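For reference, the structure discussed in these notes is given below.
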Amino acid sequence: MLGLLTESLSVELVCRLLRTVIDPELGVNIVDLGLVYAIVIDDDAGTVALEMTLTTPGCPLSGFLDDQIRGCLAQLPQVREVAITLVWDPPWDPEAMSDDARRALGWG
Amino acid sequence: MSDAAHLSEAARLRRRRAPLVGLGIVALFAGLWGGLIRLGLQLPDDLTAASVQHGPLMALGFLGTLISLERAVATGRRWAYAAPLAAAIGALATVTRAPIALGPALVTFGGLVLLAAHVDLQHRQPSSHNAVMGLGAVAWCAAGADWLAGADAAGFAPLLAGFLVLTIVGERLELTRAARRSRLVRMLLEAAIAVFCVGLGISLANERLGVHVAGVGLAAQALWLARYDIARHTVRIAGVTRYMAVALLTGYVWLLCAGVLWAVSAPLYFGPAYDASLHAVFLGFVMSMVFAHAPVIVPAVLRVPLPYSRGFYAQLVLLHVSLAVRLIGGDLLDDDVLWRWGGIANETAILLFLFATAFAVGHARRQTRCADRRRAGAASSARVELPIGGIDPGPR
Chain B
1 MLGLLTESLS
11 VELVCRLLRT
21 VIDPELGVNI
31 VDLGLVYAIV
41 IDDDAGTVAL
51 EMTLTTPGCP
61 LSGFLDDQIR
71 GCLAQLPQVR
81 EVAITLVWDP
91 PWDPEAMSDD
101 ARRALGWG
Chain R
109 MSDAAHLSEA
119 ARLRRRRAPL
129 VGLGIVALFA
139 GLWGGLIRLG
149 LQLPDDLTAA
159 SVQHGPLMAL
169 GFLGTLISLE
179 RAVATGRRWA
189 YAAPLAAAIG
199 ALATVTRAPI
209 ALGPALVTFG
219 GLVLLAAHVD
229 LQHRQPSSHN
239 AVMGLGAVAW
249 CAAGADWLAG
259 ADAAGFAPLL
269 AGFLVLTIVG
279 ERLELTRAAR
289 RSRLVRMLLE
299 AAIAVFCVGL
309 GISLANERLG
319 VHVAGVGLAA
329 QALWLARYDI
339 ARHTVRIAGV
349 TRYMAVALLT
359 GYVWLLCAGV
369 LWAVSAPLYF
379 GPAYDASLHA
389 VFLGFVMSMV
399 FAHAPVIVPA
409 VLRVPLPYSR
419 GFYAQLVLLH
429 VSLAVRLIGG
439 DLLDDDVLWR
449 WGGIANETAI
459 LLFLFATAFA
469 VGHARRQTRC
479 ADRRRAGAAS
489 SARVELPIGG
499 IDPGPR
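Respectively, the protein sequence lines represent chains B and R.
Counting from 1, one number per residue, gives the positions in the first sequence under this note's numbering.
Counting from 109, one number per residue, gives the positions in the second sequence under this note's numbering.
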């Protein structure tokens with residue numbers, strides 16, 4: 001964990017933390033579900049900008065995931081500000097799920 | 109957005125939404141009171157209207173308020189909050205001395221706003237699952253119109269069930285995309301939904317025939333969900349995910365029981381079969397879904413943490429065991445004592461759920477405040493090692 005605090009801010013580091021944010025109903029994290037479209041980091045300013053979607057616009061979990069994402073990124077002292085943008089285009093596609101997620105959800 | 113701005117925004121949303129949840133819970137209490145009167149308990153008769161309006165209070169006053177609030181949160185439209193407000197106030201108006209048409213009129217308006225929210229979502233991203241949930245809102249509106257026209261609650265009970273079943277099945281259809289089902293398999297569910305909707309439509313003109321037909325669709329949806337729902341896979345994932353899947357899968361058993369009863373005997377208005385046919389849906393299926401989704405929906409709507417605990421299984425077990433006592437011992441075997449005690453235990457399960465949820469939220473908020481204070485103190489003196497966050501899947 002100490003490594004996380006001293007490691008320089010990178011997309012890989014943010015991804016690693018975002019993998020701890022799990023959709024409780026599916027039991028799979030938001031990165032492996034293919035919900036995170038883009039991560040933009042400004043190392044000097046300490047800002048992380050996420051572009052993500054939900055499985056459907058009717059899903060009320062945006063605030064819930066927003067809280068979870070900020071909670072996990074707040075552990076990095078390098079991060080001073082987090083911006084999360086929800087987008088609906090392109091729509092979420094189950095094909096965007098990782099192999100791990102597919103296995104967990106019973107894809108043959 | 110900085111952390112401080114984010115926390116202040118979350119607090120603002122909580123202040124706006126909490127009164128709506130509170131009104132829905134008051135409607136629930138009124139509905140539960142009416143349920144106890146129906147079970148034959150000798151209670152003060154100041155609220156006899158709660159007994160007459162038991163079904164609408166539970167299905168529209170409580171569940172309608174929560175479902176439309178959930179949808180308002182999803183759309184992010186201010187006008188969509190008119191749906192939960194109208195549903196809760198309208199339902200409560202029916203147990204007060206308000207003009208007789210006011211309650212049903214407000215509740216029907218709430219249904220129309222929910223329908224508008226689904227139309228808005230369909231414009232944003234067209235989908236069959238949203239269309240199915242929209243049909244649920246249509247069933248709410250039809251029930252409300254029937255009520256406004258003076259119909260007895262028993263007359264539009266199938267439509268109340270239709271609103272809740274279509275809403276939940278639409279949500280399951282959406283999530284099951286993650287399990288990759290073939291087009292044929294999805295068409296099977298769409299066919300079952302179509303039969304159910306046709307049955308509900310027929311019930312407006314010929315209630316018994318309509319319930320027979322809707323029952324076939326109901327049973328077919330239950331079989332599909334039991335076979336193809338993603339919960340069949342997620343039940344293997346420990347913690348809150350398994351808890352939710354168990355609640356869903358047990359709910360499908362009751363939905364099947366209801367479907368068979370509707371299809372075979374189409375019980376109407378009163379009697380043991382009528383009691384069983386409705387409570388298998390409303391308690392066995394719908395309330396089990398409510399228990400299942402609380403660990404996600406409460407934090408999403410109220411922006412408060414609700415950590416999962418294995419203790420949540422207690423309310424689920426009590427709900428399903430007491431329902432079995434009521435429906436098998438009471439309705440099927442015609443034992444009045446088992447029916448009454450089963451019904452009282454059904455309500456106890458709901459109260460236990462409310463208490464456990466409120467306790468878990470309160471406990472988590474106290475812990476969060478303590479952690480924030482510790483972090484603020486430590487940050488001024490030294491760098492500390494913090495645990496990795498994210499959702500704790502909870503005890504295995």
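The C-beta atom is built at its ideal place from N, Cα and C for all residues, glycine as well.
Fair warning: this is a prediction, and the values are worked out from it, not measured in the lab.
Determine the chain R residues that contact residue i at a beta-carbon separation under 9 Å, and present them in chain order.
| i | result |
| --- | --- |
| GLY46/B | Within chain R, no residue comes near GLY46/B; the closest Cβ sits about 11 Å away, beyond 9 Å. |
| ALA96/B | Neighbours of ALA96/B on chain R: none; closest Cβ ~10 Å, over 9 Å. |
| ALA49/B | Within 9 Å Cβ-Cβ: nothing; ALA49/B doesn't reach chain R, min ~11 Å. |
| ASP42/B | The premise fails here: ASP42/B is roughly 14 Å from chain R at the closest Cβ pair, so nothing lies under 9 Å. |
Are any of the Cβ atoms in chain C nearer than 9 Å to that of residue i?
| i | result |
| --- | --- |
| ILE276/R | Absent here is chain C; the protein component of the structure consists of chains B and R. |
Cβ closer than 9 Å: which chain B residues qualify as neighbours of residue i?
| i | result |
| --- | --- |
| ASN238/R | THR56, PRO57, GLY58 |
| VAL404/R | ASP23, PRO24, GLU25, PRO60, LEU61, PHE64 |
| VAL409/R | PRO60, GLY63, PHE64 |
Using C-beta distances below 7 Å, list every residue in its chain close to residue i, excluding the 5 sequence neighbours before and after it, in chain order.
| i | result |
| --- | --- |
| ALA195/R | LEU168, GLY169, GLY172, THR173, SER176, VAL215, GLY218 |
| ASP99/B | none |
| ARG411/R | ALA118, LEU121, ARG122 |
| ARG102/B | none |
| LEU147/R | ARG448, GLY451, ILE452 |
| ALA96/B | GLY34 |
Below 7 Å on C-beta distance, what does residue i contact in chain B?
| i | result |
| --- | --- |
| GLU178/R | PRO60 |
| HIS114/R | ARG70 |
| LEU223/R | Ordered by position in chain B, no residue passes the 7 Å Cβ test against LEU223/R, which lies about 13 Å from the chain. |
| LEU229/R | PRO57, GLY58 |
Using 10 angstroms around the beta-carbon of residue i, count the other beta-carbons present and answer buried if the total reaches 16, otherwise exposed.
| i | result |
| --- | --- |
| ALA112/R | exposed |
| MET352/R | buried |
| ALA313/R | exposed |
| LEU317/R | exposed |
| TRP370/R | buried |
| TRP255/R | buried |
| TRP332/R | buried |
| HIS231/R | exposed |
| THR349/R | buried |
| LEU149/R | exposed |
| ILE301/R | buried |
When the distance is taken between beta carbons, is residue j closer than 9 Å to residue i?
| i | j | result |
| --- | --- | --- |
| TRP92/B | GLY34/B | yes |
| LEU105/B | THR342/R | yes |
| LEU65/B | VAL21/B | yes |
| ALA239/R | HIS226/R | yes |
| ARG285/R | PRO94/B | yes |
| SER235/R | GLU178/R | no |
| LEU50/B | VAL28/B | no |
| THR465/R | LEU414/R | yes |
Anything in chain R within Cβ reach of residue i, meaning under 7 Å, just list it in chain order.
| i | result |
| --- | --- |
| LEU105/B | ALA286, ALA287, ILE338, HIS341 |
| PRO91/B | GLN233 |
| ASP100/B | None at all; the shortest Cβ gap to chain R is about 12 Å. |
| ASP32/B | Near ASP32/B there are no residues of chain R at all, since even the closest Cβ is about 11 Å away, more than 7 Å. |
Residues of chain B with CB closer than 8 Å to the CB of residue i, please, in chain order.
| i | result |
| --- | --- |
| ALA182/R | PRO57, GLY58, CYS59, PRO60, SER62 |
For residue i, which residues in the same chain have their Cβ closer than 8 Å to its Cβ, ignoring the five residues on either side in sequence?
| i | result |
| --- | --- |
| ILE496/R | The pLDDT assigned to ILE496/R is 35, lower than 50, so where the model puts this residue is not dependable; a value taken from the coordinates is nonetheless given after this. Answer for ILE496/R: no residue qualifies. |
Within the same chain, show all residues whose beta-carbon is closer than 6 Å to that of residue i, passing over the 5 residues directly before and after it, in chain order.
| i | result |
| --- | --- |
| ALA453/R | SER430 |
| ALA201/R | LEU210, GLY211 |
| PHE393/R | GLY359, TRP362, LEU363 |
| GLY244/R | PHE271, LEU274, THR275 |
| VAL82/B | VAL48, ARG70, LEU73 |
Compile a chain-ordered list of the residues in the stretch 233 to 266 of chain R whose CB is closer than 9 Å to at least one CB of chain B.
Listed by position along the chain: GLN233, SER235, HIS237, ASN238, MET241.
Quick one: which residues of the stretch 342 to 357 of chain R get their C-beta closer than 7 Å to a C-beta of chain B? List them in chain order.
Hits within the stretch, in order: THR342, ILE345, VAL348, THR349, MET352.
Just by C-beta distance, which residues in the stretch 119 to 133 of chain R are closer than 9 Å to chain B?
Going along the stretch 119 to 133 of chain R in chain order, one finds LEU121 with a Cβ nearer than 9 Å to chain B.
Between the stretch 279 to 309 of chain R and chain B, which residues of the former have a C-beta closer than 9 Å to a C-beta of the latter?
For the stretch 279 to 309 of chain R, which is checked against every Cβ of chain B, the residues closer than 9 Å are GLU279, GLU282, LEU283, ARG285, ALA286, ALA287, ARG288.
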